Amino acid sequence: MKKLCFFRRQSLIYNVAPRPAHFIAAEKRKTDNNLLYNSIITTLIISVFSRKNMEKKIIIMYFLTKRAGSMNELKDFREALKAFEEEFKCSVVMHAHMDEVRKSFSFLCGIHTNPYCSVMKKKLWESANPLCNYFDCKLVGEMLNEKKKPFYKFCHCAVLEIAAPVIINGELGATLYIGPFRVSEKKMPPGTLISRTFIKGLRKFEKQKRLLTEMSEEKASRLISISLMLSNMIRYITEKNSAKEEVPGSRKEHIENFMKNHFRKNISLSELASYLFLSESRTTQLLREYFGKGFPELLTGQRLNYAKTLLANSYFTASSIALQAGFSEASYFFKVFMKNTGMPPGAYRRKFRKENFQA
Numbered sequence: 044m045k046k047l048c049f050f051r052r053q054s055l056i057y058n059v060a061p062r063p064a065h066f067i068a069a070e071k072r073k074t075d076n077n078l079l080y081n082s083i084i085t086t087l088i089i090s091v092f093s094r095k096n097m098e099k100k101i102i103i104m105y106f107l108t109k110r111a112g113s114m115n116e117l118k119d120f121r122e123a124l125k126a127f128e129e130e131f132k133c134s135v136v137m138h139a140h141m142d143e144v145r146k147s148f149s150f151l152c153g154i155h156t157n158p159y160c161s162v163m164k165k166k167l168w169e170s171a172n173p174l175c176n177y178f179d180c181k182l183v184g185e186m187l188n189e190k191k192k193p194f195y196k197f198c199h200c201a202v203l204e205i206a207a208p209v210i211i212n213g214e215l216g217a218t219l220y221i222g223p224f225r226v227s228e229k230k231m232p233p234g235t236l237i238s239r240t241f242i243k244g245l246r247k248f249e250k251q252k253r254l255l256t257e258m259s260e261e262k263a264s265r266l267i268s269i270s271l272m273l274s275n276m277i278r279y280i281t282e283k284n285s286a287k288e289e290v291p292g293s294r295k296e297h298i299e300n301f302m303k304n305h306f307r308k309n310i311s312l313s314e315l316a317s318y319l320f321l322s323e324s325r326t327t328q329l330l331r332e333y334f335g336k337g338f339p340e341l342l343t344g345q346r347l348n349y350a351k352t353l354l355a356n357s358y359f360t361a362s363s364i365a366l367q368a369g370f371s372e373a374s375y376f377f378k379v380f381m382k383n384t385g386m387p388p389g390a391y392r393r394k395f396r397k398e399n400f401q402a
């Protein structure tokens, strides 16, 4: 009887002061994400390792990854990714377009470093690099933004690769590249994006090309499904890590979260003020107090940091990056970037990559 009364009192207290909607939404999102993670990791392992020679470590990993919400999710993902690369004899690399993705998956970010691409870039850098930039930045980028689903691309080096988008909050957060694979024209997967130009002298590298895994119709279908699972897992872990930062806290945290989630859009001081339930003058006062900047400076700084990330970790053109970062005009972006860094975007990219390679 006492227990019943106790629970009744608890219920009454709860009804008088219910939890805010964002707490309830956050809990629901966490539950949904855990269910999604369980589904994805289970399907991934069954899809990749449904072979007679399945190793014991894969079975152990399966049970480990069932613990959704544990601290081992990222570790489990890396284990699954490593086993996936070994199973299909391919490489996985990611071009991150958002800071929150790169923070969790820095080990995946970078340029194509598989043996075949490395040889091509070393031997034919002058001709290969511009084509890499154009194909991945313009053609692949346009199709990813349009379709928002994985597809095959046949690049200027005459090899096949998957480009899979990682969609974060409805926007392209990263691009996942899986490959390369060898394929004949007759076995080209349907809907493949084929390069308009090819590098001269490719015949010299037939020996290296023969070492690549040959693509088959059955394998092509499996890989597209698995690439979708991988991108969903990246999205799940990224959004979960971001959600930790969205727990209601100080006004400073609210401002940081608002700017982080909306800086790519055409936002204004009045929208931030409405979000905080404050007047514009009070919001400006808080910005000066917390960050020592007004709204325009804070917004521009956020956009510039994002642009620097893209310049360092992608092949997108500077004009494309300007638009993705939220600048309405490329010319204004170039002007602001020059003022902030003392160099144009192209020089910043070259400087970063030179220092990175030397390191």
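Counted from 1, the sequence shown has number 74 at position 31 by my numbering; the numbering is strictly sequential.
Cβ atoms here follow ideal geometry from the backbone N, Cα and C, with glycine treated the same way.
Remember, predicted model here, so these are calculated numbers, not experimental data.
- Using a Cβ distance threshold of 8 Å, F380 and A350 count as a contacting pair.
- Around the beta-carbon of M386, fewer than 16 other beta-carbon atoms lie within 10 Å, marking it exposed.
- Runs of alpha helix (DSSP H) with 4 or more residues, each lying fully within the region 345-392, are found at 361-367, 373-384, listed in chain order.
- Note that the C-beta distance between F194 and L236 is below 8 Å.
- Less than 8 Å divides the Cβ of E143 from the Cβ of T281.
- Counting other Cβ atoms within 10 Å of its Cβ, E185 stays below 16 and is therefore classed as exposed.
- For F120, the uninterrupted alpha helix (DSSP H) run begins and ends at 116-131, by DSSP.
- Boundaries of the alpha helix (DSSP H) harbouring K252: 249-253, taken from the DSSP string.
- Take the alpha-carbon of E249 and the one of I310: they are about 52 Å apart.
- In this structure, R278 lies near I211, with their beta-carbon atoms less than 8 Å apart.
- Here L254 is exposed. Its C-beta has fewer than 16 other C-beta atoms within 10 Å.
- Your pair E299 and L312 does not check out as a contact, with CB atoms roughly 16 Å apart and the cut at 8 Å.
- One Cα belongs to S362, the other to K378, and the distance between them is close to 12 Å.
- Residue burial annotation: E228 is exposed, with fewer than 16 other C-beta atoms found within 10 angstroms of its C-beta.
- In the three-state reduction of the DSSP assignment, L215 falls in the strand class, which pools E and B.
- The C-beta of N275 has 16 or more other C-beta atoms within 10 Å across all chains shown, which makes the residue buried.
- Measuring C-alpha to C-alpha distances from T352 to each of T326, Y391, G222, G335 identifies Y391 as the nearest.
- Classified as buried, F197 has 16 or more neighbouring CB atoms from the shown chains inside 10 Å of its CB.
- Of all alpha-carbon atoms in R396, E372, G335, K181, the one lying nearest the alpha-carbon of L354 is that of R396.
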